[in-house]
Amino acid sequence: MDSIKKSMLSKAGVLANAILLTSCLVAATPSWAARDAGQMIAQDKANRDVIARRQAALAAAASAPAAEPASEVLPLDHGPRATTTPWLNAQYRLRARQAASAAVAAATQ
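For the sequence shown, the positions run -33 to -1, 1 to 76 when mature numbering (1 follows the signal peptide of the UniProt record, and there is no 0) is used.
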């Protein structure tokens, strides 16, 4: 008889736990949905901000002239293993400047 009572009590406990768990999930579902909606709204706003910043940066980069490199790297023009001469390096710099000015002129036309 005791085993039957224990069995019924354990079944009642399992049933009570199942009902409690179900009611907690039912009560919590709307808050999860609200939290998710809030997160999606915040993420959409952040995405719009990032896109606007990127578009502004691209527009600024497109309107700004291309910066000339700080220093040119030229072949070694002195020493026992020189691969070029100072005169050839000067000619290289001159041709590079002419090509850059031609590119700017072509872009403005």
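Cβ coordinates follow ideal geometry from the N, Cα and C atoms, glycine included.
The model shown is predicted, which means the values in this text are computed figures rather than measured ones.
To the nearest angstrom, how far is the alpha carbon of residue i from that of residue j?
i: residue 16; j: residue -2; result: 26 angstroms
i: residue 71; j: residue 65; result: 10 angstroms
i: residue 26; j: residue 58; result: 35 angstroms
i: residue 5; j: residue 11; result: 10 angstroms
Kindly indicate which three-state DSSP category residue i falls into: helix, strand or coil?
i: residue 46; result: coil
i: residue 17; result: helix
i: residue 40; result: coil
i: residue 32; result: coil
Among the residues of its own chain, which have a CB less than 8 angstroms from the CB of residue i, if the five just before and after it don't count?
i: residue 32; result: 71
Regarding residue i and the ligand GTP, is the C-beta to nearest heavy atom distance less than 6 angstroms?
i: residue 59; result: For the structure depicted, the ligand GTP is absent and the ligand set is empty, with no information on it obtainable.
Alpha helix (DSSP H) containing residue i: first to last residue?
i: residue 53; result: 53 to 75
Please return the same chain residues whose Cβ sits closer than 6 angstroms to the Cβ of residue i, not counting the five positions on each side in sequence.
i: residue 56; result: 41 and 44
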